[in-house]
Each structure stands twice: as structure tokens, then as C-alpha cells.
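Enquirer: FYI, this note's numbering numbers position 347 of the sequence shown as 360, with every residue one higher than the one before it. Pasting a structure here, questions to come.
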Amino acid sequence: MGETVSSASSGLAIAHEPWKEQSIIAALINQGFSKGVASVIPHSNPYYPIRFWLIDNGGHMRVMDGKRILGSELHHQVIACSRWIELQETMDFHIQLAGLNETPTIFRFINFPPQACAREFCVGRYRQQSEVDAALSIVRDCEPRGANELSEHLREIYERIRTIESELRAQKQQAIVVLAVAGLPEDRTLADDLRVLQSLPVRLIVRLCVDDSKVYHHYTELSRRLKEPLEIVGEYFSEAKKIHKHNPWLTYGLTLHRCREMGIGHHLLSMLGQRSLDKEEASIVVGMLFGKEFLANIQQSDHEVNSKQFLSNVTRFNKEQGQTWNPMTRKMEFWVDTKKLQKSYSNKQFFGLLRKNSNTK
């Protein structure tokens, strides 16, 4: 894959050379990503060449209802923390990923931080580790204070994206805008500002930093009033509970959550916590987790694709790709629980459409 999608001089991400792509995939696998999901991330640059994170650093972020996951690969501990510390860890992850994947990502605080901190910074544009280190330092030194008014910043982001609108449209690309928020917004014009932003080639994601039904309901209702629905991603443990309720066969590893936060991965990921996937949809998600080798192994079988063959291959790829931490059991487990998968789709000719699904990608 050559650097033909976009120009680095424009401030947008470019497609990776094959050697670079493989290097990124290997690094992501070492960080706990499944092979299939790790492969999706470097491929995303030609489609989403720039990201904006609007960070809620209001005073309510001091509330101690956040969670941190500490420990080694074999022993994890969940401890209470402030919403702000939880969001800091989220930003740390995405800063380092933006640097690794060389995706220009602008982080902007809603409120002016202390004088020693920048209100806005960019990672992924200059391909330098010093850029990542400086960004991590800014996040570490910032403290939450003030209100959570979003409109001013949405208008600023609109103006930024408008300057590259023609290039994005010509390349059939989108900018991703993530609103990392906790409280109810104080802007009366928020819906109007979001509508204006949606007139550009943009995907809007709301990353809720609180497990609060009122806040979730507010953004759900707001989403219904927009031209395109918002992609609403809750905090990790609340999302895991929803997903386990509807699709208990899937281990919702933290890396899957991180992908949803930044708008990467199949759109079915956003459905996992809303309803049970049907047999075709479940096969797509499993294929996305394990990647091309898994799909090729199924397709090249001499016999008909059926649930028994599929489950056998899931078992094999589970072992090959290792385990991830399960927030429901708080143990290391395989990505797919084959017993629960078989129980969920027994007597349904599950996975019969896998060949058709993968051929349409």
C-alpha cells in the first residue's frame, strides 16, 4: 500500500507502507489486541485521517466514581478513582496509539488548564516520540476545574475541519470527533452546533465518563434530534455489563472498548450492548476478532461451513491468540467462549453465511 491516499503536508494521515503496517500490527498485538482488530487499526488511516478529542476537564470530573485497572497480565485489581484519573488513562492510551499509528489527533480541553499546561495539543503529525512524551506530560499535569460548555469548541472544530473539507470529500474520508464528557452539557445551542458539524464529513462519538442514566438518556435523546445518530460509548464496566447481557459469548476486552472510543472497527461493535446479534452478525464479529487467517481457514475447508467446524476453528484461534482480561469475571479468558457461543446459536445453522459475509468485504 503506497502513500497515495493523502499528503503528509496537508496534516492528514497517510496509508502505511507494508513494512510499517506490519510493525504497527505486531506492536498492537503485544499490547493485548487480537490479531484481527490489530490489523484494522493501521488500515483506518486512509478512511479517518484526522481525529479531534474534546476533553471535559470540568470540576465534576473530581467525583470519585471512576475505576482503574491495575496489575500485571496474570493479576489485575480494580480500584476506585476520580473520573478525571480514569479519563487521563484513556487519553494516555489514545495519545500513544496516535503516535504509533501516525494519525494526527488533536486533544482540546474544554476549560483552560493551569498556566503550565497547553489547552490544546496534537499527536501523530510529526512521527516523533518527543511529541508523545510532551502530550503525556500535559495530561498528567492538568487538573479539572470549571464548567462543561461545549459549543465554543465545537464551532472551533467546525472551522478546522472546514478548511480540509474539500480534500476529505475528494478522498471519501471522514474526520472523527470524540466528545469525552461526564456531566449534562450547559449549552442551549449544543444540538444546533452538532447539526452544523454534521454538515461536514464527520463521525461524532460521545464517550461518557460516568455511569449515569440521566446523562445517557440526555445524549440518547439528543442523538434522535440529529441528522445522523451519535455513537454513544459508556464507561468500560457499564458497557461490559450490557454486552454480557445480550452476547455473553464475547469477552469484552479493554482493547475492544478503546477501538469503539476512537471509531475503529465494524459498526456491529456498537450493537453488542443493545441486542443479541443474529447468527450472521456474530460470525462477522468473530471474524473481525481473529482476522484474515481465521476466515481463510474456514473458507478453504473441504466440507460445508457449519457450526461444528466453526467452533473447532474458534477453539484453535482462541489458543493461538491468547487470552484477555474479562471485566465480568475479572479473570484472563479467551476472546470467545465456545460453550456459550454454541448455546446461544444452537439449532440455528449458525455461521452458514460466513463465506458470503467475508466475500463482501
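We treat Cβ as the ideally placed atom computed from N, Cα and C, and that holds for glycine. All values reported here derive from a predicted model rather than from experimental measurement.
Taking the beta strand (DSSP E) that Gly79 belongs to, which residues open and close that run?
Expert: Counting along the chain, the beta strand (DSSP E) containing Gly79 begins and ends at Gly79 to Gly84.
Enquirer: Give, in chain order, every unbroken run of the beta strand (DSSP E) that is at least 3 residues long and sits entirely within the region 226-275.
Expert: Counting whole runs of 3 or more residues, the region 226-275 contains the beta strand (DSSP E) stretches 244-246.
Enquirer: Does DSSP put His316 in a helix, a strand or coil?
Expert: Note on His316: pLDDT 35, under 50, position unreliable in the model; the coordinate value appears next. Three-state result, His316: coil.
Enquirer: Using the Cβ count rule (16 or more neighbours within 10 Å means buried), how would you classify Ile27?
Expert: The residue in question, Ile27, is buried, as its Cβ has 16 or more Cβ neighbours within 10 Å.
Enquirer: Give me the Cα-Cα distance between Phe307 and Leu213, rounded to the nearest whole angstrom.
Expert: Roughly 37 Å separates the two Cα atoms.
Enquirer: Closest to Tyr61 by C-alpha separation, out of Ile177, Gln355, Leu197 and Asp205, would be which residue?
Expert: Closest by alpha carbon: Ile177.
Enquirer: By DSSP, does Gln186 sit in helix, in strand, or in coil?
Expert: In the structure shown, Gln186 sits in coil (DSSP, three-state: anything other than H, G, I, E or B).
Enquirer: Pull up the CB-CB distance for Asn260 and Leu302, whole angstroms please, since I reckon it's below 8 Å.
Expert: Not really, about 12 Å apart at Cβ, beyond 8 Å.
Enquirer: For Ser2 and Lys305, I'd like the C-alpha separation in whole angstroms.
Expert: What is shown of the chain runs 14 to 374, which leaves residue 2 out entirely.
Enquirer: So, under 8 Å CB-CB, Phe122 and Ile68 are touching, yes? Tell me the CB distance rounded to an integer number of Å.
Expert: Confirmed, about 5 Å.
Enquirer: Apply the 10 Å Cβ neighbour rule to Thr116 and answer buried if 16 or more other Cβ atoms are within range, or exposed otherwise.
Expert: Buried, since its Cβ has 16 or more Cβ neighbours within 10 Å.
Enquirer: By how many angstroms is the C-alpha of Leu192 removed from the C-alpha of Leu217?
Expert: When rounded, the distance between both Cα atoms is 8 Å.
Enquirer: From the DSSP output, in three-state form, read off Thr118 for me.
Expert: Strand, per DSSP.
Enquirer: Between the beta-carbon of His73 and the beta-carbon of Ile82, is there less than 8 Å?
Expert: No. Outside cutoff.
Enquirer: So what does DSSP say about Phe303, is it helix, strand or coil?
Expert: Note: Phe303 maps to helix in three-state DSSP.
Enquirer: Roughly how far, in whole angstroms, is the beta-carbon of Leu149 from the beta-carbon of Asp105, given that I think they are within contact range, below 8 Å?
Expert: 6 Å between Cβ atoms; contact.
Enquirer: When the Cβ atoms of the region 29-37 are set against those of the region 155-167, are three or more pairs found closer than 8 Å?
Expert: As far as the Cβ criterion goes, the region 29-37 does not touch the region 155-167, which means the pair count is below three.
Enquirer: With DSSP run on the structure shown, which of helix, strand or coil describes Thr337?
Expert: In the structure shown, Thr337 sits in a strand (DSSP, three-state: E or B).
Enquirer: Looking only at its chain, what residues have a beta carbon closer than 6 Å to the beta carbon of Val76, apart from the 5 residues adjacent to it on each side?
Expert: Contacts found: Arg96.
Enquirer: Between Pro242 and the rest of its own chain, which residues show a CB-CB distance below 7 Å, the 5 nearest in sequence each way excluded?
Expert: Closer than 7 Å at the Cβ level, and outside the excluded window around Pro242, lie Ser236.
Enquirer: Consult DSSP for Leu354 and reduce its assignment to one of helix, strand or coil.
Expert: The answer is helix: DSSP assigns Leu354 an H, G or I state.
Enquirer: Am I right that Glu274 and Tyr265 are in contact with their C-beta atoms under 8 Å? What's the rounded C-beta distance?
Expert: No, Glu274 and Tyr265 are not in contact; Cβ-Cβ is about 13 Å, not under 8 Å.
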